[in-house]
Amino acid sequence: MSNLDLKPPTTVCGGRTDVAAQPVRDLLTGKDVPLGESTVVRRLLPNLGRRMVGAWCFVDHYGPDDIADEPGMQVPPHPHIGLQTVSWLHEGEVLHRDSLGSKQTLRPGQLGLMTSGRAIAHSEESPREHARLLHGAQLWVALPDEHRHTEPRWEHHTELPRVTGGGGLSATVILGELDGARSPGTTFTPLMGADITLAAGTDTRLPVHPDFEYAALTMSGEAEVDGVRLAPGSLLYLGCGRTELPLRADVDSAFMLLGGEPFEERIVMWWNFVGRSQQDIEQARADWMNTTRFGEVHGYDGPRLPAPMLPSTPLKPRGRTR
């Protein structure tokens, strides 16, 4: 998914200065952002109150939207560097195309994982014949410096491990590891992502890693996470220091749990790029507009997305902090 903001700010992320070393309960409010002709997303990361959770640096939640008489998601070809995109659906379908030649329709419960590495371009759209409802999340993971120039790749995983717990908990492990179950998706830093459903009446505890920071994104229902009841589309930052996470639900509910070791490297994030300096961003923008570095996405019915103008005041990442 692309950041379609015509004036995207430069965001400096990473380091440990804003990582909560102890458990906290910070509820973050998202920002509505138009995405194409008929889709509005709730942007939850980066946020004024939180830039990253582990290596997770971007979170959009969308739907459930009735697109029966609408084109649905229509995101033209656009570029990425220095990150991974994670596509996750609860309802509907999304057709992915990229400059590697990949063409794949994603469906609920399937992991679409794209590693941009040094450069890739892709498009995302609802198929011409699509389901009535569209509901899901698009997330980005920042790549560490030693892997940010890796070769681009596309992964599609239809079989993902599941975790079941007492009291009506069921979890699909999207990335990383949870309670001994590990996703086949490629990761480059210690992190995890899981889709967790709680049946009505659930009252349980989920084991978690004390060195990870966590956040919970409610997808449906009203899950109660560590005593905080969450409406759909809200993000609760939980900090570090837990060995287990109390979970309750009075109605059938679902949420995504995101976590990871705090990302120590400072990064610069602008538009669809994650770099380490303003020069990285400027070069990527120039290459998208003027060279073939990102390759071509074939099959999308429309022009590719032009890059916005760079901000007049460049920002540089500060040094690594501990």
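First residue of the sequence shown? That's 1 in the working numbering, and the numbers climb one at a time after it.
Cβ atoms here follow ideal geometry from the backbone N, Cα and C, with glycine treated the same way.
All values derive from a computational prediction rather than experimental measurement.
- Of the residues Leu106, Gly180, Gly221 and Val86, the one whose Cα lies closest to the Cα of Ser116 is Val86.
- Bounds of the beta strand (DSSP E) holding Met114 are Leu111 to Thr115.
- Take the alpha-carbon of Ala200 and the one of Thr186: they are about 33 angstroms apart.
- Taking one beta carbon from each stretch, the stretch 256-275 and the stretch 64-77 have fewer than 3 pairs nearer than 8 angstroms; the two do not touch.
- Arg276 has its alpha-carbon roughly 15 angstroms from the corresponding atom of Arg51.
- Following the DSSP letters along the chain, one finds Asp287 inside the alpha helix (DSSP H) bounded by residues Gln278 to Asn290.
- A distance below 8 angstroms between beta-carbons, with the five flanking residues on each side excluded, links Ser126 to the following residues of its chain, in chain order: Ile67, Pro71, Gly72, Met73, Gln74, Gly92, Glu93, Val94, Leu95 and Leu134.
- In terms of Cβ geometry, Gly112 and His156 form a close pair [threshold 8 angstroms].
- For Asp66, the three-state secondary structure derived from DSSP is strand.
- Put simply, of Gly302, Thr202 and Ser312 the residue whose alpha carbon is nearest the alpha carbon of Ser123 is Gly302.
- Within a 10 Å sphere around the beta-carbon of Asp32 sit fewer than 16 other beta-carbons, which makes this residue exposed.
- Within the stretch 126-211, complete beta strand (DSSP E) segments of at least 3 residues are found at 133-142, 153-157, 162-165, 169-175, 191-198 and 202-207, given in chain order.
- According to the DSSP secondary-structure assignment, Thr313 is paired through a beta bridge with no residue.
- Bridge pairing for Glu296: absent [DSSP].
- Pairwise C-beta distances place the stretch 226-244 out of contact with the stretch 291-305, as fewer than three of them are shorter than 8 angstroms.
- CA-to-CA, the gap between Phe255 and Pro190 works out to about 21 angstroms.
- Separation of Arg248 and Ser170 (C-alpha to C-alpha, rounded to the nearest whole angstrom) is 13 angstroms.
- Comparing alpha-carbon positions, the option among Arg25, Glu129, Gly168 and Ile174 lying closest to Leu206 turns out to be Gly168.
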